[in-house]
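2 protein chains.
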Amino acid sequence: MASARKLGAQNSKTRDALIKATTQVMIDEGYAAVTTRRVAAEAGVNPALVYYYFATMDELFLEVFRRGAEANLERQRQSLSAERPLHALWEVSTGPFGAKLLMEFMALANHRKDIRVEIARYIERFREIQQAAFTFLLRAQGVNVDDMPPVLLSIMLGSFASILVNEQTLGIELGHAELTAFVERLIAGLEPPTPNSERT
Amino acid sequence: MASARKLGAQNSKTRDALIKATTQVMIDEGYAAVTTRRVAAEAGVNPALVYYYFATMDELFLEVFRRGAEANLERQRQSLSAERPLHALWEVSTGPFGAKLLMEFMALANHRKDIRVEIARYIERFREIQQAAFTFLLRAQGVNVDDMPPVLLSIMLGSFASILVNEQTLGIELGHAELTAFVERLIAGLEPPTPNSERT
DNA sequence: GTCTATACTTCGATAGAC
DNA sequence: GTCTATCGAAGTATAGAC
Chain A
3 MASARKLGAQ NSKTRDALIK ATTQVMIDEG YAAVTTRRVA AEAGVNPALV YYYFATMDEL
63 FLEVFRRGAE ANLERQRQSL SAERPLHALW EVSTGPFGAK LLMEFMALAN HRKDIRVEIA
123 RYIERFREIQ QAAFTFLLRA QGVNVDDMPP VLLSIMLGSF ASILVNEQTL GIELGHAELT
183 AFVERLIAGL EPPTPNSERT
Chain B
3 MASARKLGAQ NSKTRDALIK ATTQVMIDEG YAAVTTRRVA AEAGVNPALV YYYFATMDEL
63 FLEVFRRGAE ANLERQRQSL SAERPLHALW EVSTGPFGAK LLMEFMALAN HRKDIRVEIA
123 RYIERFREIQ QAAFTFLLRA QGVNVDDMPP VLLSIMLGSF ASILVNEQTL GIELGHAELT
183 AFVERLIAGL EPPTPNSERT
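Chains A and B supply the protein sequences, listed in that same order. Numbers 3 to 202, taken from our numbering, label the letters of the first sequence in order. Numbers 3 to 202, taken from our numbering, label the letters of the second sequence in order.
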């Protein structure tokens, strides 16, 4: 494992396909379904190529996580510069990578230390950025930060998105309508539509 | 798999040890670490005994889940008849089975249909019971159910407990103090200490 | 870069002695 | 009820031809 073997180019098309395929398998069937052969089949390439591009399966997992994390941070960045940042952010959080993949990685992290560290760093980074943005946002709305600290808003929204997405996978709906309504009321109060903003 | 082989008694001590060992391995290292040999070693019994007591590994997982679920429902029942039900319930929710094991099972459910159904049923049952109890509790406190529907309170507390416990595993603390304070304020408001209740 | 072939390990599951 | 022994399948990973 992890020998001095040379690896293929970072910008290879096949490498991209493997990362994409792994992501898909994780979302569809969970991390335990990710095997050399399964991923190669999904990507439509030869199984041996996995080891041409990645030293170990763990490296593949890490790369999938990094890609997803960066993509998510980028989506977050765009949300924060949108007309109504909180609304845009909520859309992103309830999307596919926002919660479903993250739960898979958290479960995976339970017995892979390298991955655990990477995930922890990402979540903290994600939350710090939101905290900074929310600080301005709430101040602009005249919200008292003792009633609603920015970091609290961040962790609450993240936790709500997570439970909604993951329970939806199980086919659970009980309480979801109420929670969604609550979130919409909350962010509408913190971020009323401006006169010249388009309707939703 | 799942042949007509006869299984050992349900009340066997060895069987209990296997269930307990599996639970522990899942909490410590995640469901992917659960193998015939690993579980047997943890329980201090011979690996072949796993198949004497369970038809398949999936059956073992299901039994672990059912045990944990029943134990949790029982703890919930006791909480609801405590002096301050919300406070007691919050304690239980942030305990070991409340969130950590549940996440493992949700991840496991991603590629095992039988388990998915069982988990969905359990969560709904759990939430329905809370909803019923909270309906009385909130009414007694004169809370308007339009502001705080009982099922919303249930799903919110569950989601908060989940994020706190699971992030704690990763060593994340950012926002946790604020969230904990928020929950304590929330449930203290809904459930003020009665004159003759002991101090906490 | 991509393929075939294969070494090595571990897993789930069973058979049968005790 | 518990043990040893083992089978077949599937996993990670590598070597080497093309």
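Where is the CB? At the ideal position from N, CA and C, for every residue including glycine.
- Annotated three-state conformation of His113 (chain A) is coil, per DSSP.
- Residues of the same chain with a CB within less than 6 Å of the CB of Thr25 (chain A), apart from the 5 flanking positions on each side, are Val66 in chain order.
- For chain A, the residues of the segment 145–161 of chain B that bring a beta carbon within less than 8 Å of one of its beta carbons are Pro151, Val153, Leu154, Ser156, Ile157, Met158, Gly160 and Ser161, in chain order.
- Boundaries of the alpha helix (DSSP H) around Lys15 (chain A): Lys15 to Glu31.
- DSSP places Ala57 (chain A) in the coil class of the three-state scheme, outside both helix and strand.
- Chain order gives no chain B residues near Asn74 (chain A), where near means a beta carbon separation below 9 Å; the closest approach is about 16 Å.
- What Ser83 (chain B) touches in chain A, judged by beta-carbon distance under 9 Å, is nothing: the nearest beta carbon there is about 23 Å away.
- Nearest Cα to Met150 (chain B) within the set A:Arg187, A:Glu85, A:Ala57 and A:Gln143: A:Arg187.
- For Arg118 (chain B), the residues of chain A that pass the 7 Å Cβ criterion are Leu172, in the order they occur in the chain.
- A Cβ of chain B is located within less than 7 Å of the beta carbon of Leu176 (chain A).
- Among the residues of the segment 7–25 of chain B, none has a Cβ less than 7 Å away from any Cβ of chain A.
- Closer than 7 Å to the CB of Phe184 (chain B) there is at least one CB belonging to chain A.
- If you check each beta-carbon in the segment 25–36 of chain A against every beta-carbon of chain B, the ones closer than 7 Å belong to Glu31, Gly32, Ala34 and Ala35.
- Look at the segment 121–132 of chain B: the residues with a C-beta under 9 Å from a C-beta of chain A are Ile121, Ala122, Ile125, Glu126, Arg129 and Glu130.
- Counting C-beta pairs with one atom in each stretch, the segment 82–90 of chain B and the segment 179–194 of chain B have three or more that are closer than 8 Å, which means they touch.
- Contact between Val52 (chain A) and Arg40 (chain A) fails: their C-beta atoms lie close to 10 Å from each other, not under 8 Å.
- Note on geometry: alpha-carbon atoms of Glu31 (chain B) and Lys22 (chain B) lie some 14 Å from one another.
- The Cβ-Cβ distance between Ala101 (chain B) and Val185 (chain B) does not fall below 7 Å.
- Within the model, the alpha-carbon separation for Phe128 (chain A) versus Ile174 (chain A) is close to 28 Å.
- The CB of Ser164 (chain B) comes closer than 8 Å to the CB of Ser161, Ser164 and Ile165 in chain A, given here in chain order.
- Residue state for Glu120 (chain A) is assigned as helix, using DSSP reduced to three classes.
- Judged by DSSP secondary structure, Leu88 (chain B) falls within the alpha helix (DSSP H) whose first and last residues are Pro87 to Ser95.
- Residues of chain B whose Cβ lies closer than 9 Å to the Cβ of Met108 (chain A) are, in chain order, Met105, Ala109, Asn168, Glu169, Thr171 and Leu172.
- With 16 or more neighbouring CB atoms inside 10 Å of its own CB, Pro152 (chain B) falls in the buried class.
- DSSP, read as helix, strand or coil, puts Glu175 (chain A) in coil.
- At a cut-off of 7 Å, the C-beta of Leu181 (chain B) has a neighbouring C-beta in chain A.
- Using beta-carbon distances, His89 (chain A) does not count as an interface residue toward chain B, since no partner is under 7 Å.
- For Glu120 (chain A), same chain residues with a beta-carbon under 7 Å away, outside a window of 5 residues either side, are Leu64 and Phe67 in chain order.
- Around the C-beta of Gly46 (chain A), fewer than 16 other C-beta atoms lie within 10 Å, and the residue is accordingly described as exposed.
- For Asn112 (chain B), the nearest CB of chain A lies under 7 Å from its own CB, placing it at the interface with that chain.
- Residue state for Lys102 (chain A) is assigned as helix, using DSSP reduced to three classes.
- Rounded to the nearest angstrom, the Cβ distance from Ile165 (chain A) to Ser164 (chain B) is 7 Å, consistent with a contact under 8 Å.
- Look at Gln133 (chain A) here: in three-state DSSP terms it is helix.
- With a contact defined as Cβ atoms closer than 8 Å, Ala109 (chain A) and Glu106 (chain B) qualify at about 6 Å.
- Between Glu85 (chain A) and Leu176 (chain B), the C-beta spacing is not below 7 Å.
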